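K.L.:
Before I ask anything, here is the structure I am working with.
Residue numbers (the UniProt record's numbering): 1 to 106.
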């Protein structure tokens with residue numbers, strides 16, 4: 001049994017990208033998984049799995065979220081450490097790889 005006093009982030013490094021992709025897909029598929037579901041006694045907090053972003057990509061994500069909210073974009077997400085935005089389900093995906101790419105969000 002594992003007991004912890006406060007939720008702490010766990011950073012996992014995978015040996016292969018496909019293993020990371022499979023893991024993230026499985027976590028997203030099982031919505032609402034809690035710490036107690038995987039052996040952390042008394043931890044009822046939900047488990048979230050995200051890509052670990054560099055400082056540059058964290059900043060790009062923050063800026064993309066703000067701009068996409070201002071411009072009424074429906075989606076802003078990260079996949080394979082790349083920030084992406086989309087106005088609606090039928091519009092093309094904009095890959096935000098630089099501050100210059102943010103200008104495409106109109």
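The beta carbon of each residue, even a glycine, is placed where N, CA and C say it ideally should be.
From a predicted model like this one, the values you see are computed outputs, not experimental measurements.
1. Can you give the beta carbon distance from residue 44 to residue 35, rounded, assuming they're within the 8 Å contact cut?
2. Would you check if the distance between the CB atom of residue 85 and the CB atom of residue 68 is smaller than 8 Å?
3. Out of curiosity, what's the CA-to-CA distance linking residue 75 and residue 101?
4. Could you name the residues that DSSP lists as bridge partners for residue 85?
5. What does a CB cutoff of less than 7 Å around residue 77 pick up in its chain, not counting 5 residues either side in sequence?
6. Under 8 Å Cβ to Cβ from residue 99, same chain only, skipping five residues before and after it: list those, please.
7. By the DSSP assignment, the alpha helix (DSSP H) with residue 57 in it spans what residues?
P.N.:
Walking through what the data contain:
1. 7 Å
2. Contact: yes.
3. Roughly 16 Å between the two C-alpha positions.
4. 76, 94
5. 84
6. Cβ neighbours of residue 99 beyond the five flanking positions: 60, 63.
7. 55-70 is the extent of the alpha helix (DSSP H) around residue 57.
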